[in-house]
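Letter 47 of the sequence shown, counting from 1, is numbered 50 in the working numbering, and no numbers are missing.
Note that CB positions come from ideal geometry on N, CA and C, so glycine has one too.
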Amino acid sequence: MPILVKFAKTLSTHKFGLLSFYDYPISKGPLKGANNKIKTLQKKLMALETTCFSN
4 MPILVKFAKT
14 LSTHKFGLLS
24 FYDYPISKGP
34 LKGANNKIKT
44 LQKKLMALET
54 TCFSN
C-alpha cells in the first residue's frame with residue numbers, strides 16, 4: 004500500500020501539468036527531432052575537425 008500512496012501523491016503533485024496537456028496538446032517531438040539533428044551535426048563536425056587538423 005505505501006507504493007500506491009506515494010503514486011497518488013506524485014499524481015497529485017503533477018496534476019496541473021498532466022491535465023494541461025488536454026487543454027494545450029503540444030508535442031515535444033519536433034523539438035526533440037531538431038535537437039537530435041543539431042547533435043548529429045556537432046558530432047560530424049568534431050570528426051571532421053579531428054580529421055582535418057590531425058594531419
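| query | result |
| --- | --- |
| Limits of the alpha helix (DSSP H) - the one that P5 falls within | P5 to T16 |
| DSSP-derived helix/strand/coil call for I41 | helix |
| DSSP three-state assignment for P33, whether helix, strand or coil | helix |
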